[in-house]
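**Q**
In this note's numbering, the protein residues as written are 33 to 1284.
#1: Let me check understanding here. Comparing Cα to Cα, which of 1261, 127, 1110 lies closest to residue 517?
#2: Since residue 732 sits in a beta bridge, which residues does DSSP pair it with?
#3: Assuming residue 234 is part of the beta strand (DSSP E), what are its boundary residues?
#4: Near residue 1269, which residues of its chain fall below 8 angstroms by C-beta distance, leaving aside the five closest residues on each side in sequence?
#5: Could you tell me which of 284, 312, 374 sits nearest to residue 306, measuring between CA atoms?
#6: Taking the C-alpha atoms as reference points, what is the distance between residue 1219 and residue 1129?
#7: Between residue 1037 and residue 982, is the Cβ-Cβ spacing less than 8 angstroms?
#8: Find out if the Cβ-Cβ distance for the pair residue 1284, residue 1213 is shorter than 8 angstroms.
#9: Counting along the chain, where does the beta strand (DSSP E) carrying residue 1245 start and finish?
#10: Quick check on the DSSP output: what are the complete alpha helix (DSSP H) runs of length 4 or more inside the segment 153-187, in order along the chain?
#11: Using the Cβ count rule (16 or more neighbours within 10 Å means buried), how would you classify residue 35?
#12: Three-state secondary structure (DSSP) at residue 1282?
#13: Starting from the C-beta of residue 446, find all residues in its chain whose C-beta is less than 7 angstroms away, skip the five residues before and the five after it, and write them out in chain order.
#14: If we call anything under 8 angstroms between Cβ atoms a contact, is residue 284 one with residue 270?
#15: Considering residue 1269, what are the terminal residues of the beta strand (DSSP E) in which it resides?
#16: Assign residue 1193 to one of two classes, buried (16 or more other C-beta atoms within 10 Å of its C-beta) or exposed (fewer than that).
#17: The alpha helix (DSSP H) that contains residue 862, what's its start and end?
#18: Can you name the start and end residues of the beta strand (DSSP E) that residue 948 belongs to?
#19: Measuring alpha carbon to alpha carbon, tell me which of 462, 364, 472, 913 ends up nearest residue 452.
#20: Given this structure, state the Cα-to-Cα distance separating residue 974 from residue 404, to the nearest angstrom.
#21: Once you ignore the five residues that flank residue 1170 on each side, which residues in its own chain have a CB closer than 6 angstroms to its CB?
#22: So for residue 327, helix, strand or coil by DSSP?
#23: Let me check understanding here. Comparing Cα to Cα, which of 229, 145, 208 lies closest to residue 192?
#24: What three-state label does DSSP hand residue 1137 in the structure shown?
#25: For a quick check, are the C-beta atoms of residue 234 and residue 823 less than 8 angstroms apart?
#26: By DSSP, does residue 203 sit in helix, in strand, or in coil?
#27: Excluding the 5 residues preceding and the 5 following residue 1285 in the sequence, name in chain order all residues of the same chain whose CB lies nearer than 7 angstroms to its CB.
#28: Ignore the nearest five residues each way along the sequence and tell me which others in residue 196's own chain have a CB closer than 8 angstroms to its CB.
#29: For residue 343, tell me which candidate among 394, 794, 354 has the shortest Cα-Cα distance.
#30: How close, in whole Å, do the beta carbons of residue 224 and residue 363 come, if the pair is a contact with beta carbons under 8 angstroms?
#31: In whole angstroms, what separates the C-alpha of residue 1061 from that of residue 918?
#32: Run through DSSP, which three-state label would residue 296 get?
#33: Comparing alpha-carbon positions, which option in 207, 524, 739 lies nearest residue 876?
#34: Cα separation between residue 788 and residue 812?
#35: With 16 as the cutoff for other CB atoms within 10 Å, does residue 793 come out buried or exposed?
#36: Apart from the five residues just before and just after residue 31, which ones in its own chain have a Cβ nearer than 6 angstroms to its Cβ?
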């Protein structure tokens, strides 16, 4: 982990090193940290001393002794300046003193309000945010701060608009506790929220790529009530939505599909004015039809661009925002964050300004530190620390992590508080895969504790990390020690109490609760825990007194309601809910709970109106939907369940409960006429002789699929298998439970007895009991399948025959809408269906009887091509598939500057214009460092060292600006398509195209021994499509390395028939990949034995390996060569007249054609090429008597060339066999058979040598 973290760290500081190297030998001015450490000890200015203390808390080379001196001096000086107060607050918070910390942050915020320091908005935002997050600090601080908060909301001064927004939230929290009337409306007014907003949507296809696309609602002019739906999602029609508003937040009144939405509001200005606009969750903001803000999710560090400041003319203005989800809020403010108080409207009929808005200076304080996809690191460590934390607040932990890097890059000298903040950031950093960020955080927290055990958060984090693995009792001890060390931190005690409760340590729970209520007498959570303890001890009167205290502190507290429900005192619960409802009329959940309690108390019956109201409040609650559908079904609405499913899909709710009910009720009802009586089928089978020659017979293989117009379907499957062998008993006794609604799963004995299956414990299967030869196993079930949501349908792949089991009756029935044309693709001898039209539906039946178990010829194509089968569907096409693939593969990667640094390190030393070599270097690095996995985010693949290798290459190549695309390519060995469905499915292979200075390179990123720019033979020279806008057609390169073996060598033949041969065996393409992998599996000592037994013995039978040398083992782009010295005692057979040589390195082409004829296509699945160039010096006086006429054979693209000859005293074996991957159809097989036999005759004939 340390080595890995070092790699990431190196990338992060790469830019800093480059900047430092450019500085040359010039004298550098002192940094703010250096000045603080120089000036602080002698200064009487609290601000200077405060900076000194901060430098000893967060800057590198921090010193505890200097920190103590700075802390003491700052205490002696007093003062409430911005930096001094910030230092006190940070110091106290880190070391477990929340009350003084919160008060110090309050002073920092007060000082920032009147400060002219450019850092004031950053300090104010940080300080206010920390006040709200320090447990309980804002409660007892509120009385002191209230008047100042109200004043600051009205006149923020230098606080900045983000800090003012935090103040409004603080005021709202406390006002809520005080039960202030119309509080949400007041909050909306304080934020300047528009109260008149329209929403429209959903647009797009509900995919990530939609987030940065433009849709019709962005166009100038008035929105129509309905927009054109996407061609890929025709049933989802974007529309102007009915909305509801709660405070600032605008949401649809009903549930909607996922997708992109738009918010629209109009506002009027009385004069030319500056306006600060911020829209919650906006990806783009348009004012008067001009784009004024865009937050493209593919840009690193874009999210802090929350607001935009504009100069607008007097008059009416239109604001439109593109948002990712169907809720938002729109704030119209002045530059300091105070409300604009402009009149707003959602009436689109009136005209609006045509004067283009003028963009003013960026109001987003964090954008000071982000520019062009990288950080602009401040020179001041304090500023970097604060900005990094605020990046975390904005959900940009990756930005915060990079900002912190100068403070923590050298862990050994980094300050503990800086390391603790970096731990917070890396644990949430999106660049790290799940688990890796936590591992890095653990390492950082451990360093913090080593350096300063008084930083309580790190000790607490390490205590609770992996608590269950270490045991709760151990964790309880650690938390108890922490609570004693940091008694002012309420959260530690709360967690300790939770652990005690889980362990069941009642005495410890009671004692700890009593201690906590004394220490934190005004904490609502502490008081609630104490109430539970008092009630468990039977001290009801004391519990009542504590409850009274809670209600005094928080009139909204549900403590009395919870107590009443625990006692099942429904009258009291109803009274309490009525009280809360009057107090908070804006809370819809109170009315829902009241209705629930009335039902439980038996005082109210649940009506359809009640259920409809409950569903409006919780539109994604599947149980409520089922209850409502049941109620409607009970009053005769027979389509209630189906309508409920449709509504649930529209709302994005879970439909499993509804679908289960439909399967149970409608499935059996609708499909009942199409079901078969299993016993009658068995009787019919036995009456006809009842036998097929196979280990088992599928007496019935029956399927009925009922498809409706939206592409949803219900499939009934019914199987009856007769057991005819012991092998079948072993294979069929354990049965997996079918998915869906099981109607029958049983054994039918020969005598008619029925046995139900046995359910085992912790088994995914059911045991069919007492199965014997002659018994039947019957299975029947119904599966409901949802449509794809885009108007297409793809049915099951139905086979009418099987390899190992005979079929007595196989039947497939399709019921589909008459108005919807059905695509039908058949393969093999499938009979024509019978077709029957019944009003709006058509019924098609295919039936095949008495199919014996299929016998598969050797070397055949995949079995799915050989068995008769059928595919059905509609709306499936190659164009549609390509569009879907292009959308799913659209580049959503974020160019993280840290990963760019790693990419630049990989190609260090290679000029930018040598893109081919740079791409090759990246490819090699990936194969050497990344393990194949499922992750597809390039950042996480690199940092986690695991993921999809192709996506990793794509990400790094794009960081280096090497043009790279994903293409989907057809496999040249695929069965020709039989229609649009199989045509779409034939494009399944993904490759990368790289445009380099040496032309296009094509590759797959798979095995670590694969050469760069290598494609499997079946993908070479094949058609495909680039997965980008327009999906342009392409064709992969047919050039490149072949797959084969080259033999070269020379030897000396002795008169005895023995030979000494120096042989080079060069492996190319896939053969090199395989041999490199095999060599890696054996040690150097084992290698000679493996080469001799596995390779040499096949090439030169009986040969002994004298030595072997592996050449270019690690040069993966070169062939791998085995250089061997061998002794072959019987290279030639002796006879009275001389020697006879059986040619070495035999390639048996005839082994591919073992049958005299074929009924099915022969598949040569891999290409292979063998080249032999070996010279054998003959003994003195030897003469070759066998005629060596050249032979050249050809069959299609297959070639065999034999040019053996004698040159002087040498016998030359010169041969070339090239067998490309191919499909050989039965009508081509005769020619191939003749070619194979001729090839064997030409390459295997003996050569006779006469010796005088």
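Note that beta-carbon positions come from the ideal geometry of N, C-alpha and C, so glycine has one too.
**A** Taking the definition as stated:
#1: 127
#2: 752
#3: 230-235
#4: 1182, 1185
#5: 374
#6: 28 angstroms
#7: yes
#8: yes
#9: 1242-1251
#10: 169-186
#11: Any reading at residue 35 must be qualified, since the residue scores a pLDDT of 44, below 50, and its modelled position is unreliable; the value itself is stated next. Result: exposed.
#12: strand
#13: 92, 439, 440
#14: no
#15: First-last for residue 1269: 1258-1276, but that is the alpha helix (DSSP H), not the beta strand (DSSP E).
#16: buried
#17: From DSSP, residue 862 is part of no alpha helix (DSSP H); its letter is neither H nor E.
#18: That residue, residue 948, is in no beta strand (DSSP E); its alpha helix (DSSP H) goes 947-961.
#19: 472
#20: 22 angstroms
#21: 1281, 1282, 1283
#22: coil
#23: 145
#24: strand
#25: no
#26: helix
#27: The structure shown does not extend to residue 1285, since the chain is modelled only from 33 to 1284, so the question has no answer here.
#28: 184, 185, 188, 368, 369, 370
#29: 394
#30: 5 angstroms
#31: 7 angstroms
#32: strand
#33: 739
#34: 13 angstroms
#35: exposed
#36: The structure shown does not extend to residue 31, since the chain is modelled only from 33 through 1284, so no value can be given for it.
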